[in-house]
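One structure is given below, encoded as structure tokens.
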Ligand SMILES: Cc1cc2nc3c(=O)[nH]c(=O)nc-3n(C[C@H](O)[C@H](O)[C@H](O)COP(=O)(O)OP(=O)(O)OC[C@H]3O[C@@H](n4cnc5c(N)ncnc54)[C@H](O)[C@@H]3O)c2cc1C
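This is the structure:
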């Protein structure tokens, strides 16, 4: 049996960062990875360019049973710490939008950086290692298909179950449950919405390929579903609004705003879409009425929205009697009604694409079970959970990697 100070299960973003930090402290570290190569999710991240962090990351960018839990780690390892690491390897970065930082040399260079840092810190990485059992006596005993190992500290960095075809599973929760540690079930997040065949056939399919900038929220009719960062409007709770684009697809609605909202959405919630964010639509409609009294509404909407979308809105969303009129024929309350329909467009998704395409998963090890300073479990000394395995899930835009780096860096100082 081979003995290490630290065994880390999972060679993803969190596992590798933790290995580097522990190795730098002179700990002997073994990383066991099920897949045949390390950092597979990093490789596919950000469309192959790895949105490795977000310069505006803070606790408001995360969903968790305890919204304060992530603060400690995020304050001790910041986006600029990862930027410094990147630059120390001669890599450069670009801010794409909304503080999202991408690696100019692409995802492969980020994985290579982590690999090189592991080498420098004397970390042993063992890919293609399926774990058979984990036991705890005086030390942790980890049996893989190939060998048996022992360690003083054990770090579970196996992520969440999104994209199962990459081998992602809920392994972290299985381990937690064997040690009687509370968990929050994993569920898909940052995932496209799907709709019933009837809704798809009536208008969504015809809009497939159209992208438009919106403000979007999930609508919670159940008052018990109060959400951190949400607002109450006309008696319903809205999730935090996201001002980004949506993309209509042949299955439903995707695009950054939809992915963000999906993390707050539950079955039977509607979504509310403002097609004119930050724009005084009513005032503009009145101006158009005086400038183009003979024009049809759909012609007017064409000025601001993609043509096919304007047409479908008039055919299916705006009530028939309104959309058949010319601008001159509208009275004030009708214009107000049009404004309301276009700025609070309610749709009822039938679900999401699920774990198959989800970028991350909500849930994980209950934060009440962990020290926010060390990420060690309170019940089992020497056992740590980091990264996506913990019930901390980031918004789209580099926040999930920042949580992986930060939580792993913190655990790396203590394992
Ligand atoms: C398509 C896609 C694009 C993404 N793009 C971005 C992005 O641009 N920016 C961003 O911030 N986030 C992005 N994410 C999310 C990000 O990839 C994850 O939040 C992050 O990888 C989590 O890091 P982790 O180390 O906790 O888990 P992972 O990176 O998932 O690593 C877990 C590792 O554990 C291994 N493992 C699992 N089970 C076992 C086991 N039983 N035994 C041994 N090893 C095991 C896995 O093979 C994997 O290597 C993206 C996700 C996807 C799916």
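Residue numbers (the working numbering): 2 to 416. A virtual CB, placed ideally from N, CA and C, is assigned to each residue, including glycine. From a predicted model like this one, the values you see are computed outputs, not experimental measurements.
Closer than 6 Å by C-beta to residue i: which residues in its own chain qualify, once you throw out the five before and the five after it? Chain order, please.
i: residue 360; result: 191
i: residue 373; result: 70, 73
i: residue 401; result: 361, 395
i: residue 290; result: 328
i: residue 30; result: 7, 20, 23, 24, 124
i: residue 405; result: 14, 15, 388
i: residue 325; result: none
For residue i, which residues of its own chain have a beta-carbon under 8 Å away from its beta-carbon, when the five flanking residues on both sides are left out?
i: residue 188; result: 362, 363, 364
i: residue 165; result: 356, 357
i: residue 295; result: 327, 328, 329
On a Cα-Cα basis, can you pick out the residue from the options that is closest to residue i?
i: residue 220; options: 238, 204, 211; result: 238
i: residue 414; options: 26, 14, 201; result: 26
i: residue 111; options: 13, 98, 101; result: 13
i: residue 212; options: 118, 305, 50; result: 305
i: residue 152; options: 377, 5, 34; result: 5
i: residue 102; options: 160, 168, 53; result: 53
i: residue 137; options: 234, 177, 316; result: 177
i: residue 347; options: 307, 109, 90, 270; result: 270
i: residue 85; options: 98, 97, 56; result: 56
i: residue 148; options: 331, 132, 159; result: 132
i: residue 51; options: 200, 317, 113, 314; result: 113
i: residue 336; options: 349, 320, 264; result: 320
i: residue 265; options: 284, 288, 231, 285; result: 231
i: residue 127; options: 65, 36, 109, 206; result: 36
i: residue 353; options: 331, 91, 268; result: 268
i: residue 1; options: 332, 380, 121; result: Within the shown structure, residues of the chain are numbered from 2 to 416, placing residue 1 beyond reach of any answer.
i: residue 235; options: 315, 345, 205; result: 345
Apart from the five residues on each side of it in sequence, which residues of its chain come closer than 7 Å, Cβ to Cβ, to residue i?
i: residue 312; result: 299
i: residue 297; result: 327
i: residue 257; result: 245, 246, 397
i: residue 262; result: 217, 218, 219, 240, 243, 272
i: residue 307; result: 211, 213
i: residue 412; result: 19, 156, 375, 376, 385, 387
i: residue 351; result: 195, 196, 197
i: residue 163; result: 169, 189, 356, 359, 360, 361, 362
Please report the distance separating the alpha-carbon of residue i from that of residue j.
i: residue 392; j: residue 63; result: 10 Å
i: residue 309; j: residue 301; result: 13 Å
i: residue 339; j: residue 370; result: 50 Å
i: residue 390; j: residue 48; result: 23 Å
i: residue 59; j: residue 80; result: 10 Å
i: residue 10; j: residue 156; result: 6 Å
i: residue 45; j: residue 107; result: 10 Å
i: residue 274; j: residue 123; result: 52 Å
i: residue 117; j: residue 198; result: 50 Å
i: residue 88; j: residue 32; result: 25 Å
i: residue 28; j: residue 416; result: 8 Å
i: residue 367; j: residue 174; result: 10 Å
i: residue 186; j: residue 279; result: 37 Å
i: residue 276; j: residue 214; result: 7 Å
i: residue 61; j: residue 383; result: 30 Å
i: residue 358; j: residue 250; result: 14 Å
i: residue 67; j: residue 341; result: 35 Å
i: residue 143; j: residue 184; result: 22 Å
i: residue 209; j: residue 253; result: 8 Å
i: residue 43; j: residue 109; result: 8 Å
i: residue 78; j: residue 154; result: 21 Å
i: residue 322; j: residue 349; result: 23 Å
i: residue 135; j: residue 65; result: 27 Å
i: residue 96; j: residue 399; result: 11 Å
i: residue 293; j: residue 403; result: 51 Å
i: residue 201; j: residue 207; result: 8 Å
Report yes if the CB atom of residue i is closer than 8 Å to the CB atom of residue j, and no otherwise.
i: residue 282; j: residue 343; result: yes
i: residue 248; j: residue 255; result: yes
i: residue 18; j: residue 410; result: yes
i: residue 150; j: residue 38; result: no
i: residue 115; j: residue 40; result: yes
i: residue 182; j: residue 378; result: yes
i: residue 146; j: residue 130; result: yes
i: residue 93; j: residue 105; result: yes
i: residue 180; j: residue 159; result: no
i: residue 407; j: residue 99; result: no
i: residue 317; j: residue 203; result: yes
Does ligand 3 have a heavy atom nearer than 7 Å to the CB of residue i?
i: residue 62; result: By its list of ligands, the structure shown excludes ligand 3, since it contains just ligand 1.
(request) Enumerate, from N- to C-terminal direction, the unbroken alpha helix (DSSP H) stretches of 4 or more residues contained entirely within the stretch 99–157. (result) 107–121
(message) Could you tell me which whole alpha helix (DSSP H) segments of length 4 or greater appear in the stretch 184–272?
(response) 257–263
(request) Scan the stretch 2–43 and note each continuous alpha helix (DSSP H) run of 4 residues or more that stays entirely inside, going in chain order. (result) Correct list: 14–25.
(request) Can you check the stretch 279–356 for any alpha helix (DSSP H) of at least 4 residues that lies completely inside it and give the ranges in chain order? (result) 282–292, 298–303, 308–313, 321–324, 333–344
(request) Enumerate, from N- to C-terminal direction, the unbroken beta strand (DSSP E) stretches of 3 or more residues contained entirely within the stretch 365–398. (result) Counting only runs of 3 or more, we get 384–386, 393–395.
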